[in-house]
């Protein structure tokens with residue numbers, strides 16, 4: 001086969017990418033971050049006491065901003081009888097496999113809050129859902145989870161966290177509806193106030209055809225290869241959560257969007273409001289608290305230092321050869337859920 005001179009740079013790049021472990025695909029830098037996301041403005045699928053606003057409203061209300069980092073927060077100035085203003089963002093780009101590295105300086109926390117950083121496939125639950133960071137109220141330990149169609153369950157070893165539920169099917173017998181398969185981090189620095197007081201940290205999620213693994217690194221323990229832009233998960237040790245076992249990852253997870261959101265109360269934070277310290281300390285209902293205490297949500301914000309998505313060399317080579325996957329279709333919803341445990 002004769003290769004023209006115009007194609008030589010592309011062929012050379014493809015060969016270089018094929019030999020690399022992970023190469024950078026997308027860098028969500030502050031100057032373009034919000035251009036790469038759609039703002040969800042429909043009613044909250046999880047029945048939260050929230051009003052998701054568009055980009056213009058979020059900018060004028062100072063819910064979002066960029067500088068050296070990316071800020072996403074909620075209304076902290078006004079009473080909100082119809083739900084507190086907040087944002088939910090879905091990436092315009094979809095991914096199939098990859099290494100997702102999120103460096104956070106601060107995550108939302110506080111009574112009434114329910115923040116999440118997650119991946120969502122098309123036609124939920126058939127396209128899958130991966131919850132990377134999630135918790136409610138004054139929780140101290142992050143909960144990771146998968147939500148799938150029938151026929152997916154996980155082993156209970158190979159990670160440092162604790163299994164909450166092992167069947168990923170959203171309607172699994174013997175589990176709360178939409179519990180999915182959940183793993184709780186062992187670290188009290190992995191979520192909420194503990195995370196923020198330790199200056200944040202890094203979450204790295206590797207999605208392959210064999211497993212979905214999540215590592216949490218406190219600020220003082222971030223691997224050097226992440227900082228240098230040459231991430232090598234094989235050198236990171238035991239992940240906080242690893243989802244593998246009796247589950248065909250390829251058939252249960254489609255092309256995924258990245259999602260950030262902050263909701264309030266609803267099917268999880270509201271459901272467990274009366275079981276923890278939030279109700280004891282504040283009284284009333286979750287909705288009343290969220291409606292009438294705007295300054296209580298001054299800690300309910302994401303501060304993102306960086307978000308980068310890497311692909312392995314072979315996947316990047318396929319992209320160079322213009323094998324493109326279609327964007328996920330359908331309503332970008334977060335599934336309804338119920339969680340076990342006291343938070």
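Numbering (UniProt numbering), first residue to last: 1 to 343. Even for Gly, the Cβ is constructed at its ideal location relative to N, Cα and C.
Self-check item: Neighbourhood of residue 232 by C-beta, 7 Å cutoff - its chain only, sequence neighbours within 5 removed
Solution: Mapped onto the chain shown, residue 232 falls at position 232. The residues are 21 and 225.
Quiz item: In the structure shown, what three-state DSSP assignment does residue 265 receive?
Solution: Position 265 of the chain shown holds residue 265. Coil.
Quiz item: Does DSSP put residue 115 in a helix, in a strand, or in coil?
Solution: Translated into positions along the chain shown, residue 115 becomes position 115. Residue 115 falls in the strand class under three-state DSSP.
Self-check item: DSSP three-state assignment for residue 227, whether helix, strand or coil
Solution: Counting from 1 along the chain shown, the entry for residue 227 is found at position 227. Note: residue 227 maps to helix in three-state DSSP.
Quiz item: From residue 160 to residue 201, what does the alpha carbon distance come to, in whole angstroms?
Solution: The sequence position of residue 160 within the chain shown is 160, counting from 1. The sequence position of residue 201 within the chain shown is 201, counting from 1. Approximately 17 Å between the Cα atoms of the pair.
Quiz item: In chain order, what residues of the same chain have a beta carbon less than 8 Å from the beta carbon of residue 141, not counting five sequence neighbours either side?
Solution: Here residue 141 is taken as the residue at index 141 of the chain shown, counted from 1. The residues are 135, 184, 185, 186, 187, 188, 190 and 191.
Quiz item: Comparing alpha-carbon positions, which option in 43, 250 and 270 lies nearest residue 288?
Solution: Residue mapping note: residue 288 aligns to position 288 of the chain shown, counting from 1. Considering only alpha carbons, the answer is 270.
Quiz item: Starting from residue 297 and walking both ways along the alpha helix (DSSP H), at which residues does that stretch end?
Solution: Sequence index remark: in the chain shown, residue 297 carries index 297 (1-based). Here residue 297 belongs to no alpha helix (DSSP H), and DSSP marks it neither H nor E.
Quiz prompt | Counterpart residues of residue 303 in DSSP-defined beta bridges | solution = Here residue 303 refers to the residue found at position 303 of the chain shown. DSSP output for residue 303 lists 71 and 106 as bridge partner(s).
Practice problem: State the start and end residues of the unbroken alpha helix (DSSP H) segment that holds residue 278. | Solution: By one-based count along the chain shown, residue 278 stands at place 278. From DSSP, the alpha helix (DSSP H) with residue 278 extends over 277 to 282.
Quiz prompt | Beta-ladder partner(s) of residue 273, from DSSP | solution = As a position in the chain shown, residue 273 is number 273, starting the count at 1. Paired residues: none, contrary to the question.
Quiz item: What number of angstroms, rounded off, separates the C-alpha of residue 81 from the C-alpha of residue 293?
Solution: Locating residue 81 in the chain shown gives position 81, counting from the first residue. Locating residue 293 in the chain shown gives position 293, counting from the first residue. Those two C-alpha atoms are separated by around 11 Å.
Quiz item: Within the chosen definition, does the region 292 to 312 reach the region 68 to 86 through at least 3 CB pairs nearer than 8 Å?
Solution: yes
Quiz item: When the Cα of residue 97 is compared with those of 124, 206, 216 and 280, which residue comes out closest?
Solution: Along the chain shown, one-based indexing puts residue 97 at 97. Residue 97 has its Cα closest to that of 206, out of 124, 206, 216 and 280.
Quiz item: From residue 94 to residue 43, what distance separates their C-alpha atoms?
Solution: Mapped onto the chain shown, residue 94 falls at position 94. Mapped onto the chain shown, residue 43 falls at position 43. Looking at the two C-alpha atoms, the distance is approximately 23 Å.
Practice problem: Please confirm if the region 84 to 92 is in contact with the region 270 to 281, defined as three or more CB-CB distances below 8 Å between the two stretches. | Solution: no
Quiz prompt | Contact set for residue 167: own chain, Cβ-Cβ below 7 Å, skip 5 residues either direction | solution = Position 167 of the chain shown holds residue 167. Counting only Cβ-Cβ distances below 7 Å, and skipping sequence neighbours, we find 153, 175 and 181.
Quiz item: What three-state label does DSSP hand residue 121 in the structure shown?
Solution: Your numbering for residue 121 matches position 121 in the chain shown. Coil, per DSSP.
Quiz prompt | CB contact below 7 Å: residue 149 versus chain D | solution = Chain labels in this structure do not include chain D; a single protein chain is all it has.
Quiz item: For residue 204, which of helix, strand or coil comes out of DSSP?
Solution: In the chain shown, residue 204 corresponds to position 204, counting from 1. Of the three classes helix, strand and coil, the one that applies to residue 204 here is strand, per DSSP.
Self-check item: Buried or exposed (CB count within 10 angstroms, at least 16 for buried), residue 252
Solution: The residue you call residue 252 lines up with position 252 of the chain shown. The residue is buried, with at least 16 neighbouring Cβ atoms inside 10 Å.
Quiz prompt | Three CB pairs or more closer than 8 Å across the region 206 to 220 and the region 234 to 244 | solution = yes
Self-check item: 7 Å Cβ cutoff met for residue 247 and residue 112
Solution: In the chain shown, the residue the question calls residue 247 occupies position 247. In the chain shown, the residue the question calls residue 112 occupies position 112. No. Outside cutoff.
Quiz item: If you count every other CB in all the chains shown that lies within 10 Å of the CB of residue 64, and 16 or more means buried, which is it?
Solution: Within the chain shown, numbered from 1, the residue matching residue 64 stands at position 64. Per the 10 Å Cβ criterion, buried.
Quiz item: Are the beta-carbon atoms belonging to residue 122 and residue 254 less than 7 Å from one another?
Solution: As a position in the chain shown, residue 122 is number 122, starting the count at 1. As a position in the chain shown, residue 254 is number 254, starting the count at 1. Yes.
Quiz item: In the DSSP assignment, what are the bridge partners of residue 177?
Solution: Indexing the chain shown from 1 puts residue 177 at position 177. Answer is none; residue 177 lacks a bridge partner.
Quiz item: Which of helix, strand or coil does DSSP assign to residue 160?
Solution: Taking the chain shown and counting its residues from 1, one reaches residue 160 at position 160. Looking at residue 160 - three-state DSSP - the assignment turns out to be coil, as it is neither helix nor strand.
Quiz item: How big is the Cα-Cα spacing for residue 277 and residue 173?
Solution: Stepping through the chain shown from its first residue, residue 277 is reached at position 277. Stepping through the chain shown from its first residue, residue 173 is reached at position 173. If you take the alpha carbons of residue 277 and residue 173, they lie about 30 Å apart.
Quiz item: DSSP puts residue 95 in a beta bridge; with which residues?
Solution: Counted from its first residue, the chain shown places residue 95 at position 95. Partner(s): 256.
Quiz item: Are the beta-carbon atoms belonging to residue 260 and residue 49 less than 7 Å from one another?
Solution: Here residue 260 is taken as the residue at index 260 of the chain shown, counted from 1. Here residue 49 is taken as the residue at index 49 of the chain shown, counted from 1. No; because the gap between Cβ atoms is not below 7 Å, this pair is not in contact.
Quiz item: For residue 27, which residues from the same chain have a beta carbon less than 7 Å from its beta carbon, with the 5 sequence-adjacent residues on both sides left out?
Solution: By one-based count along the chain shown, residue 27 stands at place 27. Same-chain partners within the cutoff: 308.
Quiz item: Assuming residue 109 contacts residue 250 under a Cβ cut-off of 8 Å, what Cβ separation, rounded to an integer in Å, is found between them?
Solution: Numbered from its first residue, the chain shown carries residue 109 at position 109. Numbered from its first residue, the chain shown carries residue 250 at position 250. At roughly 36 Å, the Cβ-Cβ gap does not stay under 8 Å, so residue 109 and residue 250 are not in contact.
Practice problem: Report yes if the CB atom of residue 311 is closer than 7 Å to the CB atom of residue 25, and no otherwise. | Solution: As a first step, residue 311 must be located in the chain shown, where it is residue number 311. As a first step, residue 25 must be located in the chain shown, where it is residue number 25. It is a contact, given that the beta carbons lie within the stated cut-off.
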